[in-house]
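Please read the structure below before turning to the comments.
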Amino acid sequence: MAEILRAQSINKYFNEGEDFHVLKDVSLSISQGEFVTIVGKSGSGKSSLLYVLSTLDTQYDGEISIKDYHVTGLSQNELAAFRNEHIGFVFQFHFLLPEFTVLENVMLPALKLGRFDRDSIEKKALEKLAEMEMDLFAHKLSSKLSGGQQQRVAIARALINEPDIIMADEPTGNLDTVNTQTVFNIFNDLSHRYGCTIITVTHDPDFAARSDRHIELVDGRIAE
Amino acid sequence: MSLAINIGIAKTHLLSRKKQSLIAMLGVTFGIAMFIFMISFMKGVNEFLSDTMLSSTPDIHIYNDISTDYSKSIAGEYFRDSSVTVSVSHPKPKEVTINIKNAYDIVADLKHDPSVLAVSPYLSTQAFYNYGPVQINGMIEGVDILQEDHLYKLHEKMSSGKLENLLTTDYGILMGQGLADKLNVRMGDLVSLATPNGTSMRFRIVGTFKIGIGQIDNVKSYVNIPTVQQLLEKDRNYITDIAIKLTNIKYARAEAALMSRKYNYTAEDWETANSSVTTSNLIRDILTIVVSVTLLVVAGFGIYNIMNMTIASKMKDIAILKAEGFARRDIAQIFLSQSLAIGILGALTGIALGFMLSYAMSNVPFPKNEFIGLKYFPVIFEARYYIFGFGFGVLTTFFAGVLPSVKASKVDPVAILRG
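Printed below as a string of structure tokens:
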């Protein structure tokens, strides 16, 4: 399988009074269509690594390439446009925009990308919601949904621009077993059936064990 | 495209907290409305005062000022070459005539001046109007009534009779309405008056006028020039004052200075003669601007506050939008357009409210007053104040929105998403 993401000697420091070395010389490579989990104890740097890889965090040393783009050193605006097109996000606390309907939440990244007109974006958003079995809630305000429902909407939103990579930060951290299972199945499906690359941080050992590969971080280093 | 989406998001944000948006908007509305109302009213008052002032003051007034310069004396001249110090205690003027010696030459000369619209020579004196045994103090002015009409549009202010009656009647008099009321006389009645030097004369009232200023209507009468010359026992060339109306009132001050030098008499322009009115106009203007700017700045701070609160409560949304691929510029646009929308809507409603307040004020009857002839409160309606109010309102909200919006665009998404 082709390589989709390469990170080379990533070092990151937190400056809170004294320097704290969060990521120590992390290098990794992820292939197209892989379902990768990043695990580790609290403070091991697993979330930091995800945010560095996702281009949201630019305060690091080292080099990152995603697809054929060398993303290290790009400007904030270029990175925003890059994320819009190539990366989908799912977060622990759902992070839907509460004043917008479910459908609008899903449509927003596609409207921003502006590749299709509004009607086809709406059609596609409804399709994605249907895949998540959330199409019945399309016109509800997103703040009226339960946690599991919100997370499924968030995944539909992450998929709307057909990104190369989905990055998830503890997507099941707030969910019960049933919903955790649902999210896992969705991710698994996306990766194996549609060839979507998934990188997710989790502290659920069961979730990690069932993914294609898990990368364990110990004190900011990848454990062999 | 991107702007349309950002404005769409801004719209959803505004509509999802209607009360807050409405209150922010009302701040601007009241600011602009008060600005428009105040400036329309104040400018109306200014204009009214200027108009009444100009209806009784010539643009330029030429007269012979009594000299109070006693630095030279005959004794001083006589002893000039000797080493004697001359001191004269309590000097008083010799008997001077206060007329303009070559008045008709000056009038003829002024009529050739292209910047002069009308010239009216006149002479006036104190007079005592006899009302039975009581004498009422007043003024009598000898004028060329047609020239005087050119200056002050007297024919519009006649409350009875006609101006021309003065020319066709021997010993006719046009009397101020207030004075006629005091004397209990009407058109066609006879009135006798006396001058300070003792001559007295009987006149027939051929008309009454009402200028709208008590100080004039209650004391003044017009007669022909020769009548006053006769009353004062002076010759046919005796003229004490020349009133001038210019084609452009703005040049009054400069023209007055020129005329003063040319004819060697005091020439006073209307602004100098009415400096209290021009000063109070200026003070009203300053007051209006200060109060309006304060109102708008307060409204601006209100918007600044609300925008800051909005952004504080929208941190998560900003982070998620940034993760989704919205750039810093987009975030700034989203919040700035909210502030601008508040400003534009507020300014528009403010203009409407300001107009309604001004219109209502212009229909409030002015308290009846014998000194000022005014039926309703004076209010003017001028488009430029509305345009200025709108522009200023939008500008204030723009500046109030810039800082919070820039702050929002700088939010670090990682810090918020990590929780």
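If you're matching them up, the sequences are chains A and B in order.
Its first residue numbered 1, the first sequence is counted upward by one per residue in this note's numbering.
Its first residue numbered 1001, the second sequence is counted upward by one per residue in this note's numbering.
We put the beta carbon where it would ideally sit given N, CA and C, even for glycine.
Note that the coordinates shown come from a computational prediction; the quantities given were computed from them, not determined experimentally.
Three-state class that DSSP yields for residue i in the structure shown
{"i": "V218 (chain A)", "result": "strand"}
{"i": "P1121 (chain B)", "result": "strand"}
{"i": "T1288 (chain B)", "result": "helix"}
{"i": "F1037 (chain B)", "result": "helix"}
{"i": "F975 (chain B)", "result": "Residue 975 (chain B) is absent from the structure shown; chain B starts at 1001 and stops at 1419."}
{"i": "T1087 (chain B)", "result": "As written in the sequence, residue 1087 (chain B) is Ser, which differs from the Thr given in the question. If DSSP states are grouped into helix, strand and coil, S1087 (chain B) belongs with coil."}
{"i": "S1160 (chain B)", "result": "strand"}
{"i": "N84 (chain A)", "result": "helix"}
{"i": "A1327 (chain B)", "result": "coil"}
{"i": "N1137 (chain B)", "result": "strand"}
{"i": "S142 (chain A)", "result": "helix"}
{"i": "G73 (chain A)", "result": "coil"}
{"i": "R213 (chain A)", "result": "strand"}
{"i": "E63 (chain A)", "result": "strand"}
{"i": "M1201 (chain B)", "result": "strand"}
{"i": "H1112 (chain B)", "result": "coil"}
{"i": "H21 (chain A)", "result": "strand"}
{"i": "E104 (chain A)", "result": "helix"}
{"i": "F116 (chain A)", "result": "coil"}
{"i": "I10 (chain A)", "result": "strand"}
{"i": "D1170 (chain B)", "result": "coil"}
{"i": "A1127 (chain B)", "result": "strand"}
{"i": "P1365 (chain B)", "result": "strand"}
{"i": "F1392 (chain B)", "result": "helix"}
{"i": "K1220 (chain B)", "result": "strand"}
Cβ separation of residue i and residue j, assumed to be a contact under 8 Å, to the nearest whole Å
{"i": "T172 (chain A)", "j": "D204 (chain A)", "result": "6 Å"}
{"i": "L1353 (chain B)", "j": "A1033 (chain B)", "result": "4 Å"}
{"i": "I1205 (chain B)", "j": "V1191 (chain B)", "result": "6 Å"}
{"i": "G220 (chain A)", "j": "L53 (chain A)", "result": "Not really, about 14 Å apart at Cβ, beyond 8 Å."}
{"i": "D164 (chain A)", "j": "I10 (chain A)", "result": "Actually they are not in contact, since the Cβ atoms of D164 (chain A) and I10 (chain A) sit about 20 Å apart, beyond 8 Å."}
Closest by C-alpha distance to residue i, when choosing among the options
{"i": "A208 (chain A)", "options": "A:K112, A:G220, A:T180 and A:E3", "result": "A:T180"}
{"i": "S1280 (chain B)", "options": "B:I1311, B:F1035, B:N1006 and B:M1053", "result": "B:M1053"}
{"i": "I1062 (chain B)", "options": "B:E1233, B:K1245 and B:K1043", "result": "B:K1245"}
{"i": "R1328 (chain B)", "options": "B:F1398, B:L1336 and B:K1410", "result": "B:K1410"}
{"i": "D1109 (chain B)", "options": "B:I1242, B:N1137 and B:S1339", "result": "B:I1242"}
{"i": "F35 (chain A)", "options": "A:R210, A:F93, A:I222 and A:F95", "result": "A:R210"}
{"i": "T1227 (chain B)", "options": "B:F1035, B:G1343, B:Y1171 and B:L1183", "result": "B:Y1171"}
{"i": "I1303 (chain B)", "options": "B:L1340, B:F1326 and B:T1294", "result": "B:L1340"}
{"i": "M1356 (chain B)", "options": "B:F1030, B:T1396 and B:T1012", "result": "B:F1030"}
{"i": "R1253 (chain B)", "options": "B:F1048, B:F1392, B:F1037 and B:S1115", "result": "B:S1115"}
{"i": "Y1386 (chain B)", "options": "B:V1402, B:F1377, B:V1414 and B:T1349", "result": "B:T1349"}
{"i": "A1257 (chain B)", "options": "B:K1250, B:N1248 and B:A1267", "result": "B:A1267"}
{"i": "T1168 (chain B)", "options": "B:L1345, B:L1146 and B:R1284", "result": "B:L1146"}
{"i": "F1326 (chain B)", "options": "A:I87, A:Y60, A:T37 and A:K67", "result": "A:I87"}
{"i": "V1298 (chain B)", "options": "B:S1362, B:A1400 and B:S1221", "result": "B:A1400"}
{"i": "G1138 (chain B)", "options": "B:G1132, B:E1148 and B:S1124", "result": "B:S1124"}
{"i": "I215 (chain A)", "options": "A:F14, A:F20, A:H192 and A:V26", "result": "A:V26"}
{"i": "N1130 (chain B)", "options": "B:L1296, B:N1006 and B:T1195", "result": "B:T1195"}
Residues near residue i by beta carbon distance below 8 Å, same chain, minus five either side
{"i": "K1375 (chain B)", "result": "P1365 and F1366"}
{"i": "I1331 (chain B)", "result": "I1318, L1321, K1322, S1405, A1408, S1409 and V1411"}
{"i": "R1236 (chain B)", "result": "P1226 and Q1229"}
{"i": "V178 (chain A)", "result": "G148"}
CB contact check: residue i to chain A, cutoff 8 Å
{"i": "T1012 (chain B)", "result": "yes"}
{"i": "K1019 (chain B)", "result": "no"}
{"i": "L1417 (chain B)", "result": "yes"}
{"i": "S1313 (chain B)", "result": "no"}
{"i": "I1320 (chain B)", "result": "yes"}
{"i": "D1317 (chain B)", "result": "yes"}
{"i": "G1350 (chain B)", "result": "no"}
Residue-chain proximity (residue i, chain B), Cβ-Cβ < 8 Å
{"i": "S47 (chain A)", "result": "yes"}
{"i": "Q149 (chain A)", "result": "no"}
{"i": "R115 (chain A)", "result": "no"}
{"i": "L190 (chain A)", "result": "no"}
{"i": "Y51 (chain A)", "result": "yes"}
{"i": "R152 (chain A)", "result": "no"}
{"i": "R83 (chain A)", "result": "yes"}
Spatial neighbours of residue i in its chain, beta-carbon cut-off 7 Å, leaving aside the 5 residues before and after
{"i": "K1210 (chain B)", "result": "K1157, S1159, Q1177, D1217 and G1373"}
{"i": "N1099 (chain B)", "result": "N1064, Y1238, I1239 and T1240"}
{"i": "L113 (chain A)", "result": "N84, E85 and N161"}
{"i": "P109 (chain A)", "result": "N84, R157, I160 and N161"}
Residues of its chain near residue i, where Cβ-Cβ distance is below 6 Å and the 5 sequence neighbours each way are ignored
{"i": "Q1135 (chain B)", "result": "F1128"}
{"i": "L217 (chain A)", "result": "G40, S44, G45 and K46"}
{"i": "H1150 (chain B)", "result": "A1118"}
Residue i CB to nearest heavy atom of the ligand MN below 7 Å
{"i": "F1326 (chain B)", "result": "The ligand MN is absent from the structure shown, which contains no ligands of any kind."}
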